[in-house]
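Following: one structure in structure tokens, then a few remarks.
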Amino acid sequence: MLAVHEPQAIAVSATARIAAVMTIRAMTASRRRESKRRWKLVGGIPSPNTCGLGRIAASEPETARKTCITAGSGENDRMNAPRELDPVGRAAWREAVAILAEIGEDADLSAPALRAYAHAESVVAMVRAQWYADPEAVKTGGRGAKTANPVLRELERAEKRAAELRDALGLTPAGRRRIGSSVRGGRPAGAASARDRAQPPRRKGRVVPITMPREVRDALGDAG
Amino acid sequence: MATPADARDVARIAVADAEGRLLERGADLRRCRWLLDVLARGTEQVIAAREYGRDTADYRRYLDDVYARLDAEPVVDELPEPPKRTLALRWD
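Order-wise, the sequence lines are chains A and B. Start counting the first sequence at -9; every next residue gets the next number (the working numbering). Start counting the second sequence at 18; every next residue gets the next number (the working numbering).
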């Protein structure tokens, strides 16, 4: 038997959805206000949204100031964001290029990975917008069956992909540690600085054929 | 008539000889350790197969393959697959 939705139930569901959307909007507005307040504390910095550094600004205002200035300067001209990216992707691109410049990585060599990362970020933003538009974790199917909202799964997948790329590019502290880069620079841990500690030159191998010795050959009776 | 002890002695000779040659080449013995163990086991298996009167062709081919791998640059990832039929060495 097909489930027929009661008008009251539909009305309740719609009300709940509207309430959820209103709550999320209120939370977003509150977050924006908080971000603006922090930027005021830093003082005299152009809008963080123009250089996509809102996240850094909240935690590390000084880094954000430097990065924002770098991102807007001529150094970044060589690494312009690809045209096909949307604003979110471009902001992610600029942010990543600025961080790479800060840690002394050549962003030109990482262009394909950067493009993939920026695209992944724009996909995340797109899917997240869909989730905000309809934030229901459990959906009810045509026959009343409960199913997980596929948008949530897609969002999780997209965020995971973006996080992987972020990590691979060294945009996170853990990722930087893994690839051996450090914002502070200097000699990597374990690298020998003294000449007497340097690795000795490898011995040049001589061509010595490795064959079965006569004793073994005799013992096997040249079987086979 | 070869005994298990004889087989082990022959295997030891084979491994010692291979180690000596590898060292002479300047190879890293740590990288070849697993292959040398395979060589010892393979040598023992050929002798055991002979003693049991079995067809030793597979074992001998396997041993030749191990030697070929040792002769080339020994890379752990490219170790040969062991033959499907193996002898249970329960002489003792």
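Glycine is no exception: its CB is placed at the ideal position from the N, C-alpha and C atoms.
Alpha carbon of residue i to alpha carbon of residue j, nearest angstrom
i              : j              : result
P77 (chain A)  : G132 (chain A) : 37 Å
R80 (chain A)  : L56 (chain B)  : 59 Å
D212 (chain A) : R48 (chain B)  : 29 Å
D124 (chain A) : A19 (chain A)  : 18 Å
L145 (chain A) : E95 (chain A)  : 30 Å
R168 (chain A) : R147 (chain A) : 23 Å
R38 (chain B)  : V32 (chain B)  : 10 Å
P21 (chain B)  : E61 (chain B)  : 8 Å
M69 (chain A)  : R23 (chain A)  : 32 Å
I89 (chain A)  : R143 (chain A) : 29 Å
A9 (chain A)   : R15 (chain A)  : 10 Å
A103 (chain A) : L40 (chain B)  : 43 Å
Q120 (chain A) : D157 (chain A) : 25 Å
A35 (chain B)  : A19 (chain B)  : 22 Å
A24 (chain B)  : L46 (chain B)  : 23 Å
A82 (chain A)  : E154 (chain A) : 14 Å
A135 (chain A) : V11 (chain A)  : 24 Å
V93 (chain B)  : E74 (chain A)  : Reliability fails at V93 (chain B), whose pLDDT of 40 lies under 50, so the model's placement of it is uncertain and the value that follows must be treated cautiously. Approximately 45 Å, taken between the alpha carbons.
Cutoff 8 Å: residue i Cβ touching any chain B Cβ
i              : result
T13 (chain A)  : no
M216 (chain A) : There is no way to answer for residue 216 (chain A), as the model of chain A reaches only from -9 to 214.
E92 (chain A)  : no
A209 (chain A) : yes
P77 (chain A)  : no
E235 (chain A) : Outside the shown range of chain A (-9 to 214) lies residue 235 (chain A), about which nothing can therefore be said.
G87 (chain A)  : According to the sequence shown, residue 87 (chain A) is Val rather than Gly. Chain B, which has no Cβ nearer than 8 Å to the Cβ of V87 (chain A), makes this no.
G199 (chain A) : Looking at the sequence provided, one finds Pro at residue 199 (chain A) rather than Gly. Output row for P199 (chain A): interface = yes.
V141 (chain A) : no
V117 (chain A) : no
V113 (chain A) : no
E205 (chain A) : yes
Residue-level contact to chain A via CB, residue i, 8 Å cutoff
i             : result
Y69 (chain B) : no
E95 (chain B) : Any reading at E95 (chain B) must be qualified, since the residue scores a pLDDT of 44, below 50, and its modelled position is unreliable; no value is offered.
R42 (chain B) : yes
L46 (chain B) : no
A65 (chain B) : no
V55 (chain B) : no
D88 (chain B) : yes
L39 (chain B) : yes
A31 (chain B) : yes
D8 (chain B)  : Nothing can be reported for residue 8 (chain B), as the shown portion of chain B is limited to 18 through 109.
T60 (chain B) : yes
W51 (chain B) : no
Supposed close pair residue i, residue j - CB separation, criterion 8 Å
i              : j              : result
V27 (chain B)  : V198 (chain A) : Actually they are not in contact, since the Cβ atoms of V27 (chain B) and V198 (chain A) sit about 21 Å apart, beyond 8 Å.
Y84 (chain B)  : I200 (chain A) : 6 Å
A76 (chain B)  : A89 (chain B)  : It should be noted that the sequence gives Tyr, not Ala, for residue 76 (chain B). Actually they do not touch by this definition, with Cβ atoms about 21 Å apart.
E111 (chain A) : A164 (chain A) : Not a contact, Cβ separation roughly 18 Å.
R86 (chain B)  : L52 (chain B)  : 6 Å
V117 (chain A) : V141 (chain A) : 6 Å
CB contact check: residue i to chain E, cutoff 8 Å
i             : result
E95 (chain A) : Given the protein chain composition of this structure (A and B), no chain E is represented.
**OP:** Would you mind listing the alpha helix (DSSP H) stretches within the segment 82 to 168 of chain A that are 4+ residues and don't spill past its ends, in chain order?
**Re:** Entirely contained in the segment 82 to 168 of chain A, the alpha helix (DSSP H) runs reaching 4 residues are, in chain order, 101 to 123, 140 to 159.
**OP:** Scan the segment 33 to 73 of chain B and note each continuous beta strand (DSSP E) run of 3 residues or more that stays entirely inside, going in chain order.
**Re:** Counting only runs of 3 or more residues that sit fully inside the segment 33 to 73 of chain B, no beta strand (DSSP E) segment turns up.
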